[in-house]
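Peer 1:
In full-length UniProt numbering, the protein residues as written are 1 to 530.
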């Protein structure tokens with residue numbers, strides 16, 4: 001029989017004699033009013049009764065298939081009762097027989113309990129390795145008497161207990177509460193009488209010697225960083241494997257300023273994801289992301305920190321781009337950081353940053369209303385299909401309704417009032433925007449192509465004539481936003497017509513993005529670029 005035989009609900013509706021079905025690792029037992037019966041007797045009796053039953057009114061359901069096994073496993077794993085059964089199995093093992101997987105299961109369960117809330121992961125792990133499981137089946141059972149010597153630290157896993165003190169006061173301890181010894185080897189005694197209030201009270205107990213050893217050992221492993229006489233950061237020494245090759249200090253707490261500064265410090269081999277963890281959690285202890293942004297801009301001016309600052313920004317853009325899209329101040333921070341990269345001639349990092357912005361950006365809908373058709377637009381546009389680009393926002397009037405709606409420099413306009421703007425001339429786009437008082441604009445941040453457009457326009461301004469690139473120039477300069485032309489530039493007569501027919505550039509092809517990333521040292525894009 002399978003271990004999960006209890007899923008087969010043999011109830012009185014099938015056979016009136018069956019009163020209880022239970023399963024264990026060793027087998028399955030069935031009891032009835034008349035004593036034990038074999039499974040074959042039960043099945044035969046069930047079949048004989050089913051032959052006389054009218055099943056015509058019952059609804060039809062799909063039969064389980066092997067394809068549903070994975071979904072069933074997920075449901076079982078997420079079932080709280082199933083999870084508690086797994087935890088109990090791990091607890092009932094002798095501590096020396098527990099595997100690493102058993103301890104992980106216990107850790108996952110114990111970290112939810114208040115008694116373990118303020119402990120570090122290593123302390124919880126050590127305690128899970130030595131804890132012993134105890135059950136008191138009946139309510140009203142005395143667990144500890146007044147004046148009895150304590151020999152363990154215990155936590156309630158199920159049920160509740162009541163402590164009656166000599167002066168008549170009572171206290172109730174529930175699931176997750178702890179009682180017992182302090183982390184010391186001195187003798188301690190129970191104050192009051194402790195009784196169970198319900199049946200099936202479950203506890204985990206850690207012997208006094210183990211409890212004292214674990215907590216005192218962890219205290220020795222703590223490294224406290226002090227500045228001007230105050231503790232600003234606490235690190236804990238950890239070993240991630242038994243060979244001793246992966247060991248070091250991991251940050252467990254600190255002041256907001258000190259944690260921010262640690263972004264550009266050397267990180268231990270056991271704490272390689274500090275930057276990702278910080279970017280995921282800083283919202284809980286910092287009021288604004290610009291507190292981090294200002295520090296990063298300041299540290300960028302230090303040549304020794306420049307690469308580390310750039311790595312932090314790249315990870316930030318790649319993992320949490322929504323921090324920048326919905327915040328004008330963070331958008332300005334990103335532009336200033338890009339200017340710094342250009343100033344320091346860090347072209348590879350700048351290209352990576354622009355690609356990440358283009359890949360992570362999402363479409364946004366911006367709604368604007370003009371008082372009249374003659375009212376000026378609160379933004380300036382660049383690009384157009386005549387230049388081989390889409391329509392881009394060059395600037396937005398400060399304090400305007402467009403700024404409040406989230407429109408910003410570097411946005412590509414994809415659609416206006418249902419009309420496609422990805423392959424349209426600039427003059428036509430301006431005409432549509434001016435002739436409508438209600439504008440529903442779909443945009444997307446596309447700094448990668450926007451920078452290419454600005455480069456093209458600056459070249460045209462410097463040369464005093466429109467830039468007509470040769471095919472060779474395109475390959476040499478690695479311009480990924482210029483549409484490939486099928487004819488040589490000497491034979492171009494109707495270039496404007498060709499541009500109208502060719503599809504205007506947006507983000508660039510997947511293959512081209514992949515080639516760029518293959519040439520870089522670090523990949524910050526997901527496996528399938530957007």
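Every residue gets a Cβ at the ideal spot worked out from N, C-alpha and C, and that includes glycine.
(1) For residue 407 and residue 333, I'd like the C-alpha separation in whole angstroms.
(2) How far does the alpha helix (DSSP H) with residue 127 in it reach, from first residue to last?
(3) So if DSSP puts residue 331 in a beta bridge, which residue, or which two residues, is it bridged to?
(4) Which residue marks the beginning of the alpha helix (DSSP H) containing residue 214, and which one marks its end?
(5) Pick out whichever of 160, 412, 300 has its Cα sitting closest to the Cα of residue 172.
(6) In chain order, what residues of the same chain have a beta carbon less than 8 Å from the beta carbon of residue 130, not counting five sequence neighbours either side?
(7) Taking residue 306 as the reference, which of 320, 274, 341, 317 has the closest Cα?
(8) Taking the beta carbon of residue 393 as the centre, do at least 16 other beta carbons fall within 10 Å, making it buried, or is it exposed?
(9) From residue 283 to residue 318, what distance separates their C-alpha atoms?
(10) Spell out the partners DSSP gives residue 134 in its beta bridges.
(11) Whole-angstrom Cβ separation of residue 328 and residue 403, contact assumed at under 8 Å?
(12) Report, in whole angstroms, the separation of the C-beta atoms of residue 352 and residue 314, which I expect to be a contact under 8 Å.
(13) Candidates 259, 258, 331: which alpha carbon is nearest residue 290's?
(14) Rounding to the nearest angstrom, what Cα-Cα distance links residue 98 and residue 123 in this structure?
(15) On the DSSP bridge list, what partners appear for residue 438?
(16) Would you kindly work out how many angstroms separate the C-alpha atoms of residue 34 and residue 146, rounded to a whole number?
(17) Residue 414 and residue 422 look like a contact to me (Cβ under 8 Å); what is the Cβ gap, rounded to whole Å?
(18) Please state the DSSP three-state secondary structure of residue 354.
(19) Please report the straight-line C-alpha distance between residue 57 and residue 84, rounded to a whole angstrom.
(20) Could you give the distance in angstroms between the alpha-carbon of residue 254 and the alpha-carbon of residue 288?
(21) With contact counted as at least three CB pairs below 8 Å, one residue from each stretch, are the region 186 to 203 and the region 221 to 232 in contact?
(22) Please go through the same chain and pick out, in chain order, the residues whose beta-carbon is closer than 7 Å to the beta-carbon of residue 256, but skip the five residues on each side of it.
(23) Which residue's Cα is closest to the Cα of residue 420: 180, 385, 270?
(24) Helix, strand or coil: which one does DSSP assign to residue 51?
(25) Compute the beta-carbon to beta-carbon distance between residue 144 and residue 190, rounded to the nearest angstrom, for a pair I have assumed lies under 8 Å.
(26) Are the CB atoms of residue 445 and residue 411 nearer to each other than 7 Å?
(27) Can you list, in chain order, the residues of its chain with a C-beta nearer than 7 Å to that of residue 500? Leave out the 5 residues immediately preceding and following it.
(28) Apart from the five residues on each side of it in sequence, which residues of its chain come closer than 6 Å, Cβ to Cβ, to residue 367?
(29) Note down, in chain order, each residue of its chain lying with its Cβ closer than 7 Å to the Cβ of residue 276, except the 5 sequence neighbours on either side.
(30) Which residues in the same chain have their Cβ closer than 6 Å to the Cβ of residue 126, if we skip the five residues on either side of it in sequence?
(31) Looking at the unbroken alpha helix (DSSP H) that takes in residue 292, where does it start and where does it end?
(32) DSSP state of residue 101, grouped into three classes?
(33) Give the single residue among 300, 251, 247 whose Cα lies nearest to the Cα of residue 536.
(34) From this set, 321, 355, 310, which residue's C-alpha is nearest residue 345's C-alpha?
(35) Are the CB atoms of residue 369 and residue 438 within a distance shorter than 7 Å?
(36) Applying the criterion that 16 or more other CB atoms from any shown protein chain within 10 Å of the CB defines a buried residue, is residue 260 buried or exposed?
Peer 2: So, from the data block:
(1) As a working mapping, residue 407 is identified with position 407 in the chain shown. As a working mapping, residue 333 is identified with position 333 in the chain shown. The alpha-carbon atoms of residue 407 and residue 333 are separated by roughly 16 Å.
(2) Counted from its first residue, the chain shown places residue 127 at position 127. 121 to 130 is the extent of the alpha helix (DSSP H) around residue 127.
(3) One-based indexing of the chain shown puts residue 331 at position 331. BP columns for residue 331 are empty, so no partner.
(4) As a working mapping, residue 214 is identified with position 214 in the chain shown. Its alpha helix (DSSP H) spans residues 208 to 221.
(5) Taking the first residue of the chain shown as 1, we reach residue 172 at position 172. It is 160 whose Cα lies nearest to the Cα of residue 172.
(6) Counted from its first residue, the chain shown places residue 130 at position 130. Once the five neighbours on either side are set aside, the close Cβ partners of residue 130 are 95, 206, 207, 210, 214.
(7) Indexing the chain shown from 1 puts residue 306 at position 306. Residue 306 has its Cα closest to that of 341, out of 320, 274, 341, 317.
(8) As a working note, residue 393 is residue 393 in the chain shown. Buried, by the Cβ-count rule.
(9) Working through the chain shown from its first residue, we reach residue 283 at position 283. Working through the chain shown from its first residue, we reach residue 318 at position 318. One C-alpha to the other measures close to 17 Å.
(10) By one-based count along the chain shown, residue 134 stands at place 134. In DSSP, residue 134 forms a bridge with 203.
(11) Within the chain shown, residue 328 is the residue found at index 328, counting from 1. Within the chain shown, residue 403 is the residue found at index 403, counting from 1. Going by Cβ atoms, the distance from residue 328 to residue 403 rounds to 7 Å, so yes, they are a contact pair.
(12) Locating residue 352 in the chain shown gives position 352, where the first residue counts as 1. Locating residue 314 in the chain shown gives position 314, where the first residue counts as 1. Residue 352 to residue 314, Cβ: 6 Å. Contact.
(13) Taking the chain shown and counting its residues from 1, one reaches residue 290 at position 290. Nearest of 259, 258, 331 to residue 290, Cα basis: 331.
(14) Mapped onto the chain shown, residue 98 falls at position 98. Mapped onto the chain shown, residue 123 falls at position 123. Computed Cα separation, rounded: 17 Å.
(15) As a position in the chain shown, residue 438 is number 438, starting the count at 1. 369, per the DSSP bridge assignment.
(16) Here the question's residue 34 lines up with position 34 in the chain shown. Here the question's residue 146 lines up with position 146 in the chain shown. Because the pLDDT of residue 34 is 40, which lies under 50, any placement of that residue in the model is unreliable, and the question is left without a value.
(17) By one-based count along the chain shown, residue 414 stands at place 414. By one-based count along the chain shown, residue 422 stands at place 422. About 6 Å separates the two Cβ atoms, so the contact holds.
(18) Stepping through the chain shown from its first residue, residue 354 is reached at position 354. The answer is helix: DSSP assigns residue 354 an H, G or I state.
(19) Here residue 57 refers to the residue found at position 57 of the chain shown. Here residue 84 refers to the residue found at position 84 of the chain shown. Any answer about residue 57 is weak, because its pLDDT of 49 lies below 50 and its placement is not dependable; what the coordinates show is given next. Taking the straight line from one Cα to the other gives about 38 Å.
(20) In the chain shown, the residue the question calls residue 254 occupies position 254. In the chain shown, the residue the question calls residue 288 occupies position 288. Residue 254 and residue 288: Cα-Cα distance of roughly 18 Å.
(21) no
(22) Counting from 1 along the chain shown, the entry for residue 256 is found at position 256. The answer, listed in chain order, is 285, 286.
(23) Taking the first residue of the chain shown as 1, we reach residue 420 at position 420. The residue with the shortest Cα to Cα distance from residue 420 is 385.
(24) Numbered from 1 along the chain shown, position 51 holds the residue referred to as residue 51. Residue confidence is low: residue 51 scores 45 on pLDDT, short of 50, so the model does not pin down where it sits. Its coordinate-derived value is still stated next. It is coil, neither helix nor strand.
(25) Residue mapping note: residue 144 aligns to position 144 of the chain shown, counting from 1. Residue mapping note: residue 190 aligns to position 190 of the chain shown, counting from 1. Indeed they touch by this definition, with Cβ atoms about 5 Å apart.
(26) Reading the chain shown from its first residue, position 445 is the one you call residue 445. Reading the chain shown from its first residue, position 411 is the one you call residue 411. Yes, these two residues count as a Cβ contact at 7 Å.
(27) Within the chain shown, the letter at position 500 stands for residue 500. Model confidence at residue 500 stands at a pLDDT of 42, short of 50, so the residue's coordinates are unreliable and nothing is read from them.
(28) As a working mapping, residue 367 is identified with position 367 in the chain shown. These residues qualify, in order along the chain: 440.
(29) As a first step, residue 276 is located in the chain shown; it is residue number 276 there, counting from the start. Result list for residue 276: 315, 319, in chain order.
(30) Against the chain shown, residue 126 aligns to sequence position 126. Excluding positions up to five away in sequence, the list reads 214.
(31) One-based indexing of the chain shown puts residue 292 at position 292. Counting along the chain, the alpha helix (DSSP H) containing residue 292 begins and ends at 290 to 300.
(32) In the chain shown, residue 101 corresponds to position 101, counting from 1. Helix, per DSSP.
(33) Because the chain here runs from 1 to 530, residue 536 falls outside it and cannot be looked at.
(34) Taking the first residue of the chain shown as 1, we reach residue 345 at position 345. Here the closest residue by C-alpha is 310.
(35) Translated into the one-based positions of the chain shown, residue 438 becomes position 438. Translated into the one-based positions of the chain shown, residue 369 becomes position 369. Yes, the Cβ-Cβ distance between residue 438 and residue 369 is below 7 Å.
(36) Numbered from its first residue, the chain shown carries residue 260 at position 260. Under this definition residue 260 is a buried residue.
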